[in-house]
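Only one structure is covered here, and it is reproduced in the block below.
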Amino acid sequence: MKNNNTKIALATLAAATAIFTGCASHCGHHCCSLSARHDGAKLFGTAPDGAPVWLYTLHNKNGATARIITYGGIIQSLEMPDKNGKFGDVVLGYNYLDGYVTNSPYFGALIGRYGNRIAKGHFTLDGVTYTIATNNFPNTLHGGVKGFDKVIWHVDASSPNSLSLSYASHDGEEGYPGNLNVKAVYTLTDENAIKLEYTATSDKDTVVNLTQHSYFNLAGRGDILSHIVYLDADKFTPVDSTLIPTGELRPVDGTPFDFRTATAIGARIGQDDEQLKFGKGYDHNWVINHPMGELGLDARVTEPTTGRVLEVWSTEPGLQFYSGNFLDGTIQGKGGRVYQFRNGFCMEPQHFPDSPNHDNFPSVVLHPGQTYHNTIVYKFSDQ
Ligand code: GLA
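Position in the sequence shown (first residue = 1) + 955 = my numbering.
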């Protein structure tokens, strides 16, 4: 008991010290308290290692907001208007840090060093075989055991509508080679878009694939099966039973993966199709038609009852469309809402899963002296 009390006292002291240190490095005398920073950030919680986690609220001229926390670079909420001008939160997540730390299927998180799966946690680069942390048997998912979604990001700058975060991932972290310096700039534009600009540099050859893992629900509740999806993709990458691409680029023609004509998510999700069975629904990478490296429209999703529209723009060659098939009613999120099967969907622009093990996929190798770039825009409107 005494031991426990001492531990709690020490943890509280560590948290308070960390908070004051955070303040001191960001502002001078008397400009921040235990719960707020001079730049408007609010204390969201204290991470397991005692470090403070800050919440930044971005605003635009229309009254839209984006809340971002420094743990995992997580988009904690996105309030956007519907066709009647009524604002509502269109992403899933938690009101408290504890949920994100202890039980989150990557709600809203910045994913890295490698988005999606790497087969059996192995890849070979420059003749060296690397073994990375496996966390999704038998594969590595979203970086490993402690991916970029579980680290605290440093705040480089903030303004009323933007936030610049950075993270220095050390050589050997989760098994990946090279010290990787990552920057993520979030901007809430007056066009009701949240724009994410990721850049990274490394001091050794390495692999990088960053993305964003928001779970959207444009109605703000219920399942997402009546959301209507358009995808700019003639092909997708079929997977094996562990969701690793087989290497094939398969035409979508005549399959439930053809979203070139806007179709409800639920229209074909229950079809007797091996790929849908492997994914328990949609959990696949589409090969995006527009040129890689140029910002183009990947996807357009509309929700008939609220009239909300989400456009996904990116510079990436692939898009992982995931229909929330692992949500199972065991998570109680914001506002006490229980997240049932397929209550949210993700649109994750990225390079293809398991690219380091497929020579025919666009390369994910980053060399020293080069800068990795990835821009993702989630733009909201109504119709
Ligand atoms: C990605 C994966 C899914 C699942 C979710 C997180 O979208 O492709 O299989 O792991 O992340 O639950």
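C-beta: ideal position from N, C-alpha, C; glycine also.
All figures in this text were calculated on a predicted structure; none of them were measured in a lab.
Measuring alpha carbon to alpha carbon, tell me which residue in Val-1163, Phe-1171, Ser-1113 is nearest Val-1137.
Locating residue 1137 in the sequence shown gives position 182, counting from the first residue. Among Val-1163, Phe-1171, Ser-1113, the Cα nearest to that of Val-1137 belongs to Val-1163.
Taking only heavy atoms of the ligand GLA into account, decide whether any of them is closer than 7 angstroms to the Cβ of Pro-931. As shown, the chain starts at 956 and ends at 1338. That puts residue 931 outside it, with no answer to give.
task: Report yes if the C-beta of Gln-1338 is less than 7 angstroms from at least one heavy atom of the ligand GLA; otherwise report no.
output: Within the sequence shown, numbered from 1, the residue matching residue 1338 stands at position 383. It does not: the Cβ of Gln-1338 is nowhere closer than 7 angstroms to a heavy atom of the ligand GLA.
Q. Which parts of the region 1259-1331 are runs of the beta strand (DSSP E), unbroken and 3 residues or longer, counting only runs that do not cross its ends?
A. 1263-1269, 1273-1277, 1301-1305
Decide yes or no for the touch test of the region 1068-1079 against the region 1087-1105: beta carbon pairs closer than 8 angstroms, at least 3 of them.
yes
### Task
Assign Ala-1123 to one of three DSSP states: helix, strand, or coil.
For the purposes of this step, residue 1123 is identified with residue 168 of the sequence shown, where counting begins at 1. Strand.
Any beta strand (DSSP E) of 3 or more consecutive residues that is wholly inside the region 1195-1252
Correct list: 1238-1243.
Of the listed residues Pro-1246, Asp-1253, Gly-1248, Glu-1249, nearest to Asn-1240 (C-alpha basis)
As a first step, residue 1240 must be located in the sequence shown, where it is residue number 285. Relative to Asn-1240, the option among Pro-1246, Asp-1253, Gly-1248, Glu-1249 whose CA is nearest is Asp-1253.
**Message:** Taking 7 angstroms as the cut-off, is the beta-carbon of Leu-1165 closer than that to any non-hydrogen atom of the ligand GLA?
**Reply:** Locating residue 1165 in the sequence shown gives position 210, counting from the first residue. It does not: the Cβ of Leu-1165 is nowhere closer than 7 angstroms to a heavy atom of the ligand GLA.
Residues in the same chain with beta-carbon distance under 6 angstroms from Val-1256, minus the five sequence neighbours each way, listed in chain order, please. Walking along the sequence shown from the start, residue 1256 turns up at place 301. Result list for Val-1256: His-1182, Val-1184, Leu-1265, in chain order.
>> Between Asp-1227 and the ligand GLA, is there a pair consisting of the residue's CB and a ligand heavy atom that are separated by less than 7 angstroms?
In response: Position 272 of the sequence shown holds residue 1227. For the ligand GLA, not one heavy atom lies less than 7 angstroms from the Cβ of Asp-1227.
From the DSSP secondary-structure annotation, give me the bridge partner or partners of Thr-1257. On the sequence shown, position 302 is the one that residue 1257 refers to. According to DSSP, which records beta bridges pairwise, Thr-1257 is partnered with Ile-1183, Val-1264.
**OP:** To the nearest angstrom, report how far apart Ser-1269 and Thr-1285 are at their CA atoms.
**Re:** The residue given as residue 1269 occupies position 314 in the sequence shown. The residue given as residue 1285 occupies position 330 in the sequence shown. Their Cα atoms are separated by approximately 32 angstroms.
Using C-beta distances below 8 angstroms, list every residue in its chain close to Ser-980, excluding the 5 sequence neighbours before and after it, in chain order. Taking the first residue of the sequence shown as 1, we reach residue 980 at position 25. Caution is warranted here: a pLDDT of 38 is assigned to Ser-980, below 50, making its placement in the model unreliable, and no coordinate value can be reported.
Problem set entry | DSSP-derived helix/strand/coil call for Ala-1088 | Taking the sequence shown and counting its residues from 1, one reaches residue 1088 at position 133. Residue state, collapsed to three classes: coil.
*Check: Pro-1272 C-beta below 7 angstroms from any heavy atom of the ligand GLA*: Mapped onto the sequence shown, residue 1272 falls at position 317. No, Cβ of Pro-1272 sits at least 7 angstroms from all heavy atoms of the ligand GLA.
Would Ser-1310 be called buried (16 or more neighbouring beta carbons within 10 Å of its own) or exposed?
As a working note, residue 1310 is residue 355 in the sequence shown. Ser-1310 is buried by the Cβ-count criterion.
**Item:** Within 8 angstroms, strictly: CB atoms of Tyr-1061 and His-1168
**Value:** The residue given as residue 1061 occupies position 106 in the sequence shown. The residue given as residue 1168 occupies position 213 in the sequence shown. Cβ atoms of Tyr-1061 and His-1168: closer than 8 angstroms.
(message) Between the alpha carbons of His-993 and Phe-1307, how many angstroms are there, rounded?
(response) On the sequence shown, residue 993 is found 38 positions in, with the first residue counted as 1. On the sequence shown, residue 1307 is found 352 positions in, with the first residue counted as 1. Roughly 41 angstroms between the two C-alpha positions.
Requested in this report: Check whether the region 1213-1226 touches the region 1192-1204, taking contact to mean three or more Cβ pairs, one atom from each stretch, closer than 8 angstroms.
Outcome: no
* Asked: Closer than 7 angstroms: is that where the CB of Gln-1230 sits relative to any heavy atom of the ligand GLA?
  -> Along the sequence shown, one-based indexing puts residue 1230 at 275. Outside the cutoff, so no.
Quiz item: Going by other Cβ atoms of all chains shown within 10 Å of its Cβ, with 16 needed for buried, is Tyr-1051 buried or exposed?
Solution: For the purposes of this step, residue 1051 is identified with residue 96 of the sequence shown, where counting begins at 1. By the 10 Å Cβ count, Tyr-1051 comes out exposed.
Item to complete: Identify every run of the beta strand (DSSP E) within the region 1008-1045, keeping only runs that are complete inside it and at least 3 residues long; order them along the chain.
Response: 1020-1024, 1030-1036, 1042-1044
- Query: Near Ala-1064, which residues of its chain fall below 6 angstroms by C-beta distance, leaving aside the five closest residues on each side in sequence?
  - Reply: Locating residue 1064 in the sequence shown gives position 109, counting from the first residue. Correct list, in chain order: Gly-1027, Ile-1029, Asp-1104, His-1168.
Own chain residues within Cβ distance below 7 angstroms of Gly-1175, not counting five before or after: Within the sequence shown, numbered from 1, the residue matching residue 1175 stands at position 220. Contacts found: Gly-1043, Asp-1044, Val-1045.
DSSP beta-bridge partners for Lys-1150? Numbered from 1 along the sequence shown, position 195 holds the residue referred to as residue 1150. Beta-bridge pairing links Lys-1150 to Thr-1142, Val-1332.
Roughly how many angstroms separate the alpha carbons of Asp-1145 and Thr-1079, rounded to a whole number?
-> What you label residue 1145 is simply residue 190 of the sequence shown in a count that begins at 1. What you label residue 1079 is simply residue 124 of the sequence shown in a count that begins at 1. Near 44 angstroms, if we compare the C-alpha coordinates of Thr-1079 and Asp-1145.
* Around the C-beta of Phe-1281, are 16 or more other C-beta atoms found within 10 angstroms, so that it is buried, or is it exposed? -> Here the question's residue 1281 lines up with position 326 in the sequence shown. That one is exposed.
**Message:** Taking 7 angstroms as the cut-off, is the beta-carbon of Pro-1060 closer than that to any non-hydrogen atom of the ligand GLA?
**Reply:** Position 105 of the sequence shown holds residue 1060. Flag set: Cβ of Pro-1060 near the ligand GLA.
>> I want to check one thing, is the minimum distance from the CB of Phe-1191 to the heavy atoms of the ligand GLA below 7 angstroms?
In response: Within the sequence shown, residue 1191 is the residue found at index 236, counting from 1. Answer for Phe-1191: no, Cβ out of range of the ligand GLA.
request  = Pick helix, strand or coil for Val-1163, following the three-state DSSP scheme.
outcome  = For the purposes of this step, residue 1163 is taken as the residue at position 208 of the sequence shown. Here Val-1163 carries a coil assignment [DSSP, helix/strand/coil].
Considering only DSSP beta bridges, list what Thr-1192 is partnered with.
Within the sequence shown, residue 1192 is the residue found at index 237, counting from 1. Note: Thr-1192 is bridge-paired with Asn-1240 in the DSSP secondary-structure output.
Point to revise | Cut-off 8 angstroms between Cβ atoms - residues of its own chain near Val-1008, not counting five sequence neighbours on either side | key: Against the sequence shown, residue 1008 aligns to sequence position 53. Hits under 8 angstroms: Leu-998, Phe-999, Gly-1000, Thr-1001, Ala-1002, Ile-1024, Thr-1025, Tyr-1026, Leu-1052, Ile-1107.
key: Unbroken beta strand (DSSP E) run spanning Val-1056, endpoints   = Here residue 1056 corresponds to residue number 101 of the sequence shown, with the count starting at 1. Val-1056 -> not in any beta strand (DSSP E); alpha helix (DSSP H) instead, spanning 1052-1057.
Please state the DSSP three-state secondary structure of Phe-1078. Translated into positions along the sequence shown, residue 1078 becomes position 123. If DSSP states are grouped into helix, strand and coil, Phe-1078 belongs with the strands.
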